[in-house]
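Quick note, the working numbering runs 61 ahead of the 1-based positions in the sequence shown.
Glycine included, every Cβ here is placed at the ideal spot set by N, Cα and C.
All values reported here derive from a predicted model rather than from experimental measurement.
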Amino acid sequence: MNFSFFILKSFKAVGAIRSAIVAFSSSQAKLTSSLGISSRQDSLKEKNSLNTDKNVQSNANNVNQENSTSSTNQHSGVKLSDLEPSESFLSCLNDTTRYNKYLQVKKELKVFLWMSKIVPKTLTDLNWERLLKRETTFDRIKYILFLAAKQKRRGIKHQIEIEEENENEKRAQIIREGGMAYGSGGYRMQPNPYRHKRVIWLTEAAKMFMSMKIDEKPHIVFDMENFKNLKHRNQFAIADSMNAVIAANFDLNVPFQITFANFYDSDDSPERNWAINEFFAAYSTKFANARMLPDWTSRSVKELYPHFKKGDFVYFSGKAKSIYDGPLRHKVFIICGEHEFGKISLAAARKSKIEAYRLPLDRYVKWEQGHKFMPFVNLIRTLDFVWFNNGDWRSAVRDNISKRYIKPRDPRLESIKTCDSSKLSFVNDVVRVVEEMDNE
Numbered sequence: 062m063n064f065s066f067f068i069l070k071s072f073k074a075v076g077a078i079r080s081a082i083v084a085f086s087s088s089q090a091k092l093t094s095s096l097g098i099s100s101r102q103d104s105l106k107e108k109n110s111l112n113t114d115k116n117v118q119s120n121a122n123n124v125n126q127e128n129s130t131s132s133t134n135q136h137s138g139v140k141l142s143d144l145e146p147s148e149s150f151l152s153c154l155n156d157t158t159r160y161n162k163y164l165q166v167k168k169e170l171k172v173f174l175w176m177s178k179i180v181p182k183t184l185t186d187l188n189w190e191r192l193l194k195r196e197t198t199f200d201r202i203k204y205i206l207f208l209a210a211k212q213k214r215r216g217i218k219h220q221i222e223i224e225e226e227n228e229n230e231k232r233a234q235i236i237r238e239g240g241m242a243y244g245s246g247g248y249r250m251q252p253n254p255y256r257h258k259r260v261i262w263l264t265e266a267a268k269m270f271m272s273m274k275i276d277e278k279p280h281i282v283f284d285m286e287n288f289k290n291l292k293h294r295n296q297f298a299i300a301d302s303m304n305a306v307i308a309a310n311f312d313l314n315v316p317f318q319i320t321f322a323n324f325y326d327s328d329d330s331p332e333r334n335w336a337i338n339e340f341f342a343a344y345s346t347k348f349a350n351a352r353m354l355p356d357w358t359s360r361s362v363k364e365l366y367p368h369f370k371k372g373d374f375v376y377f378s379g380k381a382k383s384i385y386d387g388p389l390r391h392k393v394f395i396i397c398g399e400h401e402f403g404k405i406s407l408a409a410a411r412k413s414k415i416e417a418y419r420l421p422l423d424r425y426v427k428w429e430q431g432h433k434f435m436p437f438v439n440l441i442r443t444l445d446f447v448w449f450n451n452g453d454w455r456s457a458v459r460d461n462i463s464k465r466y467i468k469p470r471d472p473r474l475e476s477i478k479t480c481d482s483s484k485l486s487f488v489n490d491v492v493r494v495v496e497e498m499d500n501e
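Okay, here's the thing in C-alpha cells:
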C-alpha cells in the first residue's frame with residue numbers, strides 16, 4: 062500500500078514537472094516570436110534605409126561619372142585639359158570665326174574622349190592648327206583617331222626600345238664585372254667593315270664597267286620630271302624605291318646602264334644637290350667614288366642620246382594602248398619615276414614624242430586585287446629576265462609579281478574590311494552624337 066502510494070506521488074510529480082516545462086516552453090516561444098517580429102521589422106527598416114542610402118550614393122556616383130566621363134577618358138585617364146593648346150596658340154585666335162571653330166573642335170574632342178577606347182595623350186599646337194583647317198567633323202574625328210593610333214604605336218615601340226636597352230645594359234654589366242660572353246652582344250672578332258664593303262663595291266663597279274664596254278643590254282632612263290613637285294613624304298617614298306633599284310641593279314650579272322633624267326632644272330642648282338644628299342645615301346658614303354653609280358642629270362632623254370632615232374625609245378605607261386611583248390628590240394626604255402596610277406606617264410610620253418607601251422600583264426596573268434602596278438625593282442628584274450631569255454615575258458611576269466595580286470581574295474582576310482568598317486562606323490557615331498548636341 063505504501064509502495065503504490067509512492068508510485069502515485071511520483072507520477073503526479075512527473076506530470077507537474079512536464080506541465081511546467083510545457084508552460085515555460087510556450088511562454089519562451091511567444092517571447093521569441095515577438096522578439097523575432099520586432100527584430101525582423103528593425104532589419105527591414107535598416108535594409109530600406111541602406112537601400113535608400115545606396116540609391117542616393119549611386120545617383121551621386123552616376124552624376125559624378127557623367128561629369129567625369131564627359132571630360133576624362135575611362136580607359137587611359139586622359140583629361141580634356143591635357144589636350145588643350147598652349148596659351149600662345151589661344152592668343153592667336155583673334156578672329157571670331159576661328160575661336161568659334163576652336164570651341165566646336167573642343168566639343169568634338171570631349172565627345173571623342175567619352176566614346177573612344179584609345180585617345181591621344183597630347184595635342185601639339187601644330188595638331189590643333191591642322192584640326193582647325195579641316196572643314197567637316199568627320200575629317201576632324203578621323204584625324205584625332207589617327208593621332209591616337211600613332212601615339213599608341215610610338216609608345217609600344219618606345220617600351221620595346223627601353224626593354225632592349227635594359228637587356229643590353231645587363232649584358233654589358235656582366236662583361237664589365239669580368240664575365241665572358243660570346244656571340245651577339247658579347248666578345249667577337251670585329252674586322253674592318255669598310256674593307257669588305259670596298260671589295261664588294263669594286264666588284265660591282267667591275268660588272269658595271271663590263272656592261273658599259275660590251276653595251277649589248279638596253280639602257281634604262283627614269284623620268285624624274287615631277288619629283289620636285291611632289292610632297293616631301295612622297296619624295297622619300299620615291300627615293301626609297303630608287304635606292305632599291307640601284308642596289309638590285311648591281312645584283313644582276315650584267316647590270317643595266319641606268320640614268321635619272323629631268324632631275325630639277327639645272328645640274329648646279331642647290332635644290333638638286335640637297336635632294337641627292339638628303340634622299341640618296343649611296344652618293345654620300347665613304348667609298349662612293351669606288352662605285353659606278355647612275356647619273357642624275359637635268360637633261361631630257363633625247364638630249365642624253367642625241368644620235369638615237371625616234372624608234373629606239375620606248376616609254377612604259379600603264380594607260381598606253383599598245384602592249385610590249387617579245388624580245389627587247391629597243392635601245393632605251395623610259396620609266397616614269399613616280400608611283401602613278403593615272404595618265405602622267407602617258408602625257409610625258411606624248412610630250413616627248415616617244416611611243417608609249419604598256420607591260421603585258423593582262424596577257425599572261427589575271428589580276429585579282431590591288432593596283433595594277435609593278436614596282437620599279439620588279440620591273441628591272443623582269444626586263445633582265447626577258448633580255449636573257451629572248452622575250453619570255455610569261456615566266457618573267459609570273460616570277461616577279463606578288464602572288465597576292467593574282468590569287469582570289471581569301472575570305473579570312475575579310476576581317477580587315479570588318480576592322481576598317483568598324484572604325485568608320487565609330488567615326489560616324491561620334492559625328493552623330495556631336496550633331497545631336499549641336500541640334501540641342
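*So, Trp428 versus Ala351, is the Cβ gap smaller than 8 Å?*
Numbered from its first residue, the sequence shown carries residue 428 at position 367. Numbered from its first residue, the sequence shown carries residue 351 at position 290. Cβ atoms of Trp428 and Ala351: not closer than 8 Å.
_Distance between Tyr163 and Lys433 (C-alpha atoms, nearest Å)_ = Position 372 of the sequence shown, counted from the start, is the residue given in the question as residue 433. Position 102 of the sequence shown, counted from the start, is the residue given in the question as residue 163. Cα to Cα, the separation comes out at about 43 Å.
*asked:* Could you give the first and the last residue of the continuous beta strand (DSSP E) run that contains Ala322?
replied: Along the sequence shown, one-based indexing puts residue 322 at 261. Per DSSP, Ala322 belongs to the beta strand (DSSP E) from Ile319 to Ala322.
*Cβ distance (whole Å) where Ile415 is taken to contact Ile396 below 8 Å*: Taking the first residue of the sequence shown as position 1, residue 415 is located at position 354. Taking the first residue of the sequence shown as position 1, residue 396 is located at position 335. In fact, because the Cβ distance is near 12 Å, the residues do not count as touching under 8 Å.
*Return the residue from the list Ala343, Lys289 and Arg191 that minimises the CA-CA distance to Pro146.*
Here residue 146 refers to the residue found at position 85 of the sequence shown. Considering only alpha carbons, the answer is Arg191.
*Inspect the CB distances between the segment 358-367 and the segment 336-349 and report whether three or more fall short of 8 Å.*
no
_Extent of the continuous beta strand (DSSP E) to which Val393 belongs_ = Start at 1 with the first residue of the sequence shown, and residue 393 comes out as number 332. Val393 to Cys397 is the extent of the beta strand (DSSP E) around Val393.
*Count the C-beta pairs between the segment 481-498 and the segment 195-213 that are closer than 8 Å, then say yes if the count reaches three, no if not.*
yes
*Residue ranges of each alpha helix (DSSP H) within the segment 248-310, 4 or longer*: 254-275
*Give the DSSP-derived three-state secondary structure of Tyr466 in the structure shown.*
Against the sequence shown, residue 466 aligns to sequence position 405. Here Tyr466 sits in helix by DSSP.
_Neighbour-count burial assignment, Tyr160, 16 or more Cβ in a 10 Å radius_ = For the purposes of this step, residue 160 is taken as residue 99 along the sequence shown, with counting starting at 1. Answer is exposed; the Cβ neighbour count stays below 16.
*asked:* Can you check which of these residues, Ser463, Ala410 and Leu151, is closest to Pro436 by C-alpha distance?
replied: On the sequence shown, residue 436 is found 375 positions in, with the first residue counted as 1. If we check each option's Cα against that of Pro436, Ser463 comes out closest.
_Is it buried or exposed, Ile223, if we count other Cβ atoms within 10 angstroms and call 16 or more buried?_
Residue 223 sits at position 162 when you count from the first residue of the sequence shown. Its Cβ having fewer than 16 others within 10 Å, Ile223 is exposed.
_The alpha helix (DSSP H) enclosing Val166, as first and last residue numbers_ = The residue you call residue 166 lines up with position 105 of the sequence shown. Thr157 to Met176 is the extent of the alpha helix (DSSP H) around Val166.
*asked:* Let's test the definition: count the other Cβ atoms within 10 Å of the Cβ of Asp303 and tell me whether it reaches 16, buried, or not, exposed.
replied: Your numbering for residue 303 matches position 242 in the sequence shown. Per the sequence shown, residue 303 should be read as Met rather than Asp. It counts as buried.
*Examine the Cβ distances between the segment 416-425 and the segment 292-303 and report whether three or more of them are shorter than 8 Å.*
no
*asked:* Please state whether the Cβ-Cβ distance between Glu148 and Asn287 is less than 8 Å.
replied: Here residue 148 refers to the residue found at position 87 of the sequence shown. Here residue 287 refers to the residue found at position 226 of the sequence shown. It is not a contact, given that the beta carbons lie outside the stated cut-off.
*Pairing CB atoms from the segment 256-275 with CB atoms from the segment 320-328, are three or more of them under 8 Å?*
no
_Where the beta strand (DSSP E) containing Val375 begins and where it ends_ = The residue labelled residue 375 in the question sits at position 314 within the sequence shown. Its beta strand (DSSP E) spans residues Phe374 to Phe377.
*If you draw a straight line from the alpha carbon of Arg455 to that of Ala308, how long is it in whole angstroms?*
Locating residue 455 in the sequence shown gives position 394, where the first residue counts as 1. Locating residue 308 in the sequence shown gives position 247, where the first residue counts as 1. Rounded to the nearest angstrom, the two C-alpha atoms are 25 Å apart.
*Can you name the start and end residues of the alpha helix (DSSP H) that Val315 belongs to?*
As a working mapping, residue 315 is identified with position 254 in the sequence shown. No alpha helix (DSSP H) contains Val315, which DSSP labels as neither H nor E.
_Per DSSP, cross-strand counterpart(s) of Tyr418_ = One-based indexing of the sequence shown puts residue 418 at position 357. DSSP lists Phe377 as partners of Tyr418.
*Locate the alpha helix (DSSP H) running through Leu444, then write down its first and last residues.*
Working through the sequence shown from its first residue, we reach residue 444 at position 383. Its alpha helix (DSSP H) spans residues Phe437 to Phe449.
*Start and end of the alpha helix (DSSP H) containing Gln430?*
Reading the sequence shown from its first residue, position 369 is the one you call residue 430. Unbroken run through Gln430: none, as it is neither H nor E.
*Taking all protein chains shown into account, decide if Gln126 is buried (16 or more other Cβ within 10 angstroms of its Cβ) or exposed.*
To locate residue 126, count along the sequence shown from 1; it is residue 65. Residue placement at Gln126 cannot be trusted, given a pLDDT of 41 that sits under 50; the coordinates are not used to answer.
*At a cut of 8 Å, does the segment 205-219 reach the segment 163-177 through at least three beta carbon pairs?*
yes
_For Thr346, three-class secondary structure by DSSP_ = Looking up residue 346 in the sequence shown gives position 285. Coil, per DSSP.
_Quick check on Thr133: does DSSP put it in helix, strand or coil?_
As a working mapping, residue 133 is identified with position 72 in the sequence shown. Strand.
*For the alpha helix (DSSP H) that contains Pro331, what are its first and last residues?*
Translated into the one-based positions of the sequence shown, residue 331 becomes position 270. Pro331 to Phe340 is the span of the alpha helix (DSSP H), which, as asked, contains Pro331.
*What does a CB cutoff of less than 7 Å around Arg442 pick up in its chain, not counting 5 residues either side in sequence?*
Locating residue 442 in the sequence shown gives position 381, counting from the first residue. Around Arg442: Ala309 and Asn461.
_Closest by C-alpha distance to Lys289, when choosing among Thr157, Val139, Leu144 and Ile337_ = One-based indexing of the sequence shown puts residue 289 at position 228. Taking only the C-alpha atoms, the option nearest Lys289 is Ile337.
*6 Å CB neighbourhood of Pro421 in its chain, flanking five on each side removed*: The sequence position of residue 421 within the sequence shown is 360, counting from 1. Excluding positions up to five away in sequence, the list reads Ile384, Asp386 and Trp454.
*By Cβ distance below 8 Å, which residues in the same chain neighbour Val447 in space, the five residues on each side in sequence not counted?*
Indexing the sequence shown from 1 puts residue 447 at position 386. Same-chain partners within the cutoff: Pro388, Leu389, Asp453, Trp454 and Ala457.
*asked:* Can you check which of these residues, Gln165, Leu154 and Ser137, is closest to Asn500 by C-alpha distance?
replied: Here residue 500 refers to the residue found at position 439 of the sequence shown. Comparing Cα positions, the closest option is Gln165.
*Out of Asn451, Leu407 and Pro469, state which residue places its alpha-carbon closest to the alpha-carbon of Val426.*
Working through the sequence shown from its first residue, we reach residue 426 at position 365. The option with the nearest alpha carbon to Val426 is Pro469.
*How close, in whole Å, do the beta carbons of Phe199 and Val492 come, if the pair is a contact with beta carbons under 8 Å?*
As a working note, residue 199 is residue 138 in the sequence shown. As a working note, residue 492 is residue 431 in the sequence shown. Yes, they are in contact, since the Cβ atoms of Phe199 and Val492 sit about 5 Å apart, within 8 Å.
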